[in-house]
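Inspection log for the structure reproduced underneath, given as structure tokens.
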Amino acid sequence: MSGVTVVWRGVAISIPPEIESETAEVTEAYELASFAKALGWTAEEVLAERAREAEAVAAHRAAMASVENPKDVPPLAFPDLTPRATRGGDQ
Amino acid sequence: MSSAKHTEAAGVTTKIETTYNTDVTPATTDAVRIIKPFVTLTPQWAYDGARGIANGGFGRHVRQTPTGRFINSSIRMEGKGRGAAYSSSAVEVPDVHRWLRAAGFVATVTTTGGSEKWDFTPTTGTGTPASVTSWFYGQGELLKVAGIYANLKITAQNTGIPVWEFPFAGTMATDPADTSLPSLTYTVPTVVPPTATGTTFTLGNFTGGVVRSFAFDLGRVFDTPRVNLNSSAGHAGFQPGPRDPVLECVVETTALQGSPYHASTAIDPYQLQKNATSGLAFSLVVGGTQYNRWKLIFTQCQVVGVEPVEEGSASLRKLTIRPYVVGDQDDSDLIVRFD
């Protein structure tokens, strides 16, 4: 059976079917570990970046809601993440 | 006092299989919300037990027991979004998610903040299509069906909520059992599905059409039986095959647009068909609220049919549109997106 692909900031990981059929907590833990591994980060770093991203989204939505024309607010965009292993210098 | 069985106590649970045609025991939390008419499953048999006409007579011999039980039916749902960001693979699209997988779609979730979405694209010819087990509760009985592959049809006959229909086939190893409808846990039951009103319709440059209705059919072959003599069940499930997606939409007739034959408020479907004009992008966007909208996208398509339709005094055209792939081993023809 084919699984599910998860893409976050340009990085793609696969969830195998045996994990997919587990509980939400198990699949989310697997996702977190897979992104950390793919990026060469720690799980805490992935969580911190996700939290920062969620804050930016919330701030952007608040900005959109507070102006008359939401088109005046520049669109929100996050850069794709580069795996640390290929970035060099900060291993 | 027991009361008569009735049709309203109906429900379905569905789960992705890890091994094809092996019941994965869907839980009450795996419920998908179906709409009327509820599924009425008729068990069918690969061999129905008939033994033919008596020699030297006109009567029929006693039957052998039938073998190879299967179900070939259809299930209907409403399409809606989660009402909240698709922040991980565990945050599935309500109801239709697993049935889209059964209909041969690969699921990709994008979890980047603010741009969260689920994209369902066709499984490649070399990929392994997903299958599901579904337990159907209805009329006081439980029917367990495994090894399910499906097709997908989406229909909007009016401005109401479009209907998502999944014709399917699967095997039925377990006998029906008297079972009351359990307490099923549905995903975001408070999110109301979007209607077809306000659908954003795009065919090439043609975006201002007055659209009466649309009907999409994935055209997937899903019910080629795999009869198995080397099994007491007599049935190893089904083999899905190719797709032949087609969309029929009824639009009010416009002035016949000159080359390139599609403009914002006018179209010449005759010329588009005659020239087999390729590279037309098509999309339908149903719902205007982020996280509660869905899109049917043909990356590239052609108009392959035009049929005049009269509705009272209104002049209409039924356009037949087919997406296509751009090479062998390509699956870029269509996307079903929830974002």
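Chains A and B supply the protein sequences, listed in that same order. Going by the working numbering, the residue at position 23 of the first sequence is 23; the numbering climbs one at a time, nothing skipped. Going by the working numbering, the residue at position 86 of the second sequence is 1086; the numbering climbs one at a time, nothing skipped. The C-beta atom is built at its ideal place from N, Cα and C for all residues, glycine as well. In this text, all values refer to a predicted model and were calculated from it rather than measured experimentally.
Asked	Found
B/Gln1329, buried or exposed, once every other Cβ within 10 Å from all chains shown has been counted against 16	exposed
Bridge partner(s) assigned by DSSP for B/Pro1122	B/Phe1105
8 Å Cβ cut-off: residues of chain A touching B/Leu1102	Residue 1102 of chain B is actually Ala in this sequence, not Leu. Per Cβ cutoff of 8 Å: no residues; B/Ala1102 is ~11 Å from chain A at best.
Alpha-carbon to alpha-carbon, A/Glu31 and A/Thr23	12 Å
Whole-Å CB distance - B/Ala1103 paired with B/Asn1158, under 8 Å assumed	Their Cβ separation, rounded to whole angstroms, is 24 Å, which puts B/Ala1103 and B/Asn1158 out of contact at 8 Å.
For A/Gln91, three-class secondary structure by DSSP	Summary for A/Gln91: the model assigns pLDDT 42, below 50, so the residue's position carries little reliability; its value from the coordinates is reported in the next sentence. Coil.
Own chain partners of B/Ala1263 with C-beta closer than 6 Å, once the 5 adjacent residues on each side are dropped	Asn1205 and Gln1257
Residue environment, B/Asn1021, which counts as buried when at least 16 other CB atoms sit within 10 Å	buried
B/His1262 - DSSP class collapsed to helix/strand/coil	strand
Span separating the alpha-carbon of A/Gly10 from that of A/Leu81	6 Å
Inter-residue spacing [alpha-carbon to alpha-carbon] between A/Ser14 and B/Ala1107	10 Å
Residue of B/Glu1078, B/Thr1007 and B/Glu1248 minimising C-alpha distance to B/Pro1194	B/Glu1078
Own chain residues within Cβ distance below 8 Å of A/Ala58, not counting five before or after	none
Members of the stretch 64-78 of chain A near chain B, C-beta cut-off 7 Å	Leu76 and Phe78
With 16 other Cβ atoms within 10 Å as the buried cut-off, status of B/Gly1059	exposed
Within chain B, the residues that A/Pro17 reaches when beta carbons sit closer than 7 Å	Ile1016 and Thr1018
Coil, strand or helix - B/Met1001 by DSSP	Residue placement at B/Met1001 cannot be trusted, given a pLDDT of 49 that sits under 50; what the coordinates show is reported in the next sentence. Of the three classes helix, strand and coil, the one that applies to B/Met1001 here is coil, per DSSP.
Members of the stretch 1068-1089 of chain B that neighbour chain A once the beta carbon cut-off is set at 7 Å	Ser1088 and Ser1089
Cβ separation of B/Gln1273 and B/Gly1305, assumed to be a contact under 8 Å, to the nearest whole Å	7 Å
Residue burial classification, B/Gln1064 (beta-carbon count within 10 angstroms, cutoff 16)	exposed
Exposure of B/Tyr1047, with buried meaning 16 or more beta-carbon neighbours within 10 Å	exposed
Paired residues, beta bridge with B/Ala1215 - DSSP	B/Thr1155 and B/Glu1248
Contact the stretch 1220-1239 of chain B vs the stretch 1283-1293 of chain B: 3+ CB pairs below 8 Å	no
Proximal residues of chain B, C-beta to C-beta of A/Ala54 below 8 Å	Gly1113
Residue-level contact to chain B via CB, A/Glu31, 8 Å cutoff	yes
Local conformation of B/Gln1064 per DSSP, three classes	coil
A/Val26 - DSSP class collapsed to helix/strand/coil	helix
Other residues of its chain near B/Phe1216: CB distance less than 7 Å, five sequence neighbours each side excluded	Lys1153, Ile1154, Leu1247 and Leu1296
Contacts that A/Val57 makes with chain C (C-beta to C-beta distance below 7 Å)	Here chain C cannot be found, since the structure's protein chains are A and B.
Rounded separation between B/Ser1259 and B/Ser1278 - CA only	14 Å
For B/Trp1294, three-class secondary structure by DSSP	strand
Of the residues B/Pro1026, B/Phe1222 and B/Thr1253, the one placed nearest B/Asp1244, counting alpha carbons only	B/Phe1222
Straight-line Cα distance separating A/Asn69 from B/Asp1268	37 Å
Neighbour-count burial assignment, B/Gly1113, 16 or more Cβ in a 10 Å radius	buried
Stretch-stretch touch, CB-based, cutoff 8 Å, three pairs: the stretch 1131-1142 of chain B with the stretch 1021-1033 of chain B	yes
Local conformation of A/Phe78 per DSSP, three classes	coil
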